[in-house]
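Quick notes on the structure that follows.
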Amino acid sequence: MNSPLSQFKGERLKQARLLRMLTGTELALLISDKKVIKQQQISYWESNRRVPNFEEIQKLSAVLKVPYYFFLKGDSRNNVDTANFFRRSAAVPTKNRNSMQELVFLYSSFFKVIGRYIKLPDFKDNDLVISSHEFRLVDVDEIDELAKSIRRRYHLGIGPISNVTLLMEKMGVRVIFTNEDIAGIDALTKVVDNQFYVIINTKGKSAVRIRFSLAHELGHVFLHSRYSESILKSSEKNKRVESEAQMFASLFLMPEEGILMDMVATNLEFLKSLKSHWLVSIQALAIRGKQIGLLTQSEMTHVFQQISRNGWRKKEPLDDTISIEFPTFIKTVLEYLNSEGISVDDALYQEGLSFDFLNSLFSAIQISEIKEKGPNLKLL
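In terms of the working numbering, the sequence shown opens at residue 41 and continues consecutively.
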């Protein structure tokens, strides 16, 4: 009979290390006690050239905040050359990007477990996705028509979207909220096993900022998801891709016809009242008003000067009162399985996961009362 230690998976150690934004040297220092561990030893473990003893596995578990069996269970993942779309500040360290990607992979493992019991909905709108694998410029008119097509399909009219998170979940996009301290990254869109995952870093973010980030990532899904990662290595192309996704978010959340009807004034107090209706920031409203000719450049500049004087650039009025639209799909699934007397604990264990571990990473598992009907579910 094989020792449990012989099941040690070095790639899982690397995954946990990247999740916690540590180098091999940093991890070696953290687990060194009476016995000095060198970076080379970490490298040996990750490449499966050597196996840590059980005491070392326990130290790795404590330092990396994963269950000890995380290193002994679960499948290796397949890396596919699809683009990773990061909504981020400039010059974000690679370790931060790697950590966000590992969060997506972990959540996809969770979905893999759930998929053994429930037929999970696939993405429903591939016919609207721009199919080009080669980089091309997408102009404003094409983006606007795409945004309108999606609104028509989901009967959204020309007014505010009541719940962007729920809408994306109904589309079959797997939305993840995390509250991890990953500086500089607001969101990431990634394809895993032919499914779209959008992860939003909610730490310190207002509801309206999260909504805009979600719409921005949805833009990547429809506009750019056929691109390969190599395309985004060009800073010029990456900048254009981000600009197109930003434009999509603006057009999708604030259609011209609806804004023209509502924006009858452009002073700061009126824009503040529009914020509570359209559920976007005052700054986003001012920019959209300028785009459709309701504000001149000087008027928009004046609005932004007032915003700066009031100290509203990072925190606006109503940011604390507009509720965050948490994902509800996973809670719906888990409640349904529970009502059928089905436990997924053992299946999670086989993937090296636990609910405690997942709850520590994702704010989508434990959420508030579901107020709207989620997707239909069917037992396998």
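Virtual Cβ for every residue (Gly too), placed ideally from N, Cα, C.
Small disclaimer: the values here were computed from a predicted structure and weren't measured.
- An exposed status is given to Ala102, since fewer than 16 other beta-carbon atoms sit within 10 Å of its beta-carbon.
- Per DSSP, the continuous alpha helix (DSSP H) segment holding Lys330 begins and ends at Ile322 to Gln331.
- For Tyr389, the enclosing alpha helix (DSSP H) begins and ends at Asp385 to Gln390.
- A residue is called buried when at least 16 other Cβ atoms come within 10 angstroms of its Cβ; Phe366 meets this threshold and is buried.
- For secondary structure counted as the alpha helix (DSSP H) over 4 or more consecutive residues, the stretch 101 to 182 holds these complete runs in sequence order: 134 to 154.
- Below 8 angstroms, too few C-beta pairs join the stretch 278 to 298 and the stretch 205 to 216 to call them touching: fewer than three.
- Spatial neighbours of Ile382 in its own chain (CB-CB distance under 7 angstroms, excluding positions within 5 residues in sequence) are listed in chain order as Tyr157.
- Per DSSP, Asp221 is not a residue of any alpha helix (DSSP H), being assigned neither H nor E.
- Between the alpha carbons of Ile216 and Tyr147 lies a gap of roughly 8 angstroms.
- Per DSSP, the beta bridge partners of Asn241 are Thr218.
- Taking all protein chains in view, the Cβ of His256 is crowded by 16 or more other Cβ atoms within 10 Å, so the residue is classified as buried.
- Across the structure, Ile97 and Asp386 are spaced so that their CA atoms are roughly 21 angstroms apart.
- In this structure, Lys230 sits near Gln141, with a CB-CB distance shorter than 8 angstroms.
- No residue range can be given for Tyr194, since it is assigned to no alpha helix (DSSP H) and is classified by DSSP as neither H nor E.
- Inter-residue distance for Phe145 and Phe292 is about 28 angstroms (C-alpha atoms, whole angstroms).
- Cα atoms of Arg57 and Pro92: separation of roughly 15 angstroms, rounded to the nearest angstrom.
- The bridge partners DSSP lists for Phe236 are Val231.
- Spatial neighbours of Leu67 in its own chain (CB-CB distance under 6 angstroms, excluding positions within 5 residues in sequence) are listed in chain order as Arg57 and Ile82.
- According to the DSSP assignment, Leu254 belongs to the alpha helix (DSSP H) that extends over Ala247 to His264.
- Contact between Pro107 and Ser394 holds, with the beta-carbon distance rounding to 5 angstroms and staying under 8 angstroms.
- Contact between the stretch 328 to 339 and the stretch 294 to 301 is present: 3 or more CB-CB pairs across the two stretches fall below 8 angstroms.
- One Cα belongs to Arg192, the other to Lys245, and the distance between them is close to 29 angstroms.
- Nearest C-alpha to Ser189 among Asp167, Pro200 and Leu177: Asp167.
- With distances taken between CA atoms, Phe402 lies nearest to Thr368 out of Leu319, Thr368 and Ser363.
- No residue range can be given for Lys49, since it is assigned to no alpha helix (DSSP H) and is classified by DSSP as neither H nor E.
- Thr336: not part of any alpha helix (DSSP H); DSSP gives it neither H nor E.
- The alpha-carbon separation between Val248 and Trp352 amounts to approximately 14 angstroms.
- Buried is the label assigned to Pro200, since at least 16 other Cβ atoms lie within 10 Å of its Cβ.
- Between Phe262 and Ala289, the CB-CB gap reaches or exceeds 8 angstroms.
- Annotation for Asn378: the continuous alpha helix (DSSP H) segment containing it runs Phe369 to Ser379.
- Per DSSP, reduced to three states, the secondary structure at Asp302 is helical.
- With fewer than 16 other CB atoms across the displayed protein chains lying within 10 angstroms of its CB, Ala223 is exposed.
- Each residue's CA atom was taken as its position, placing Leu186 and Asn241 some 26 angstroms apart.
- Residue range Leu308 to Trp318 is occupied by the alpha helix (DSSP H) that includes Lys312.
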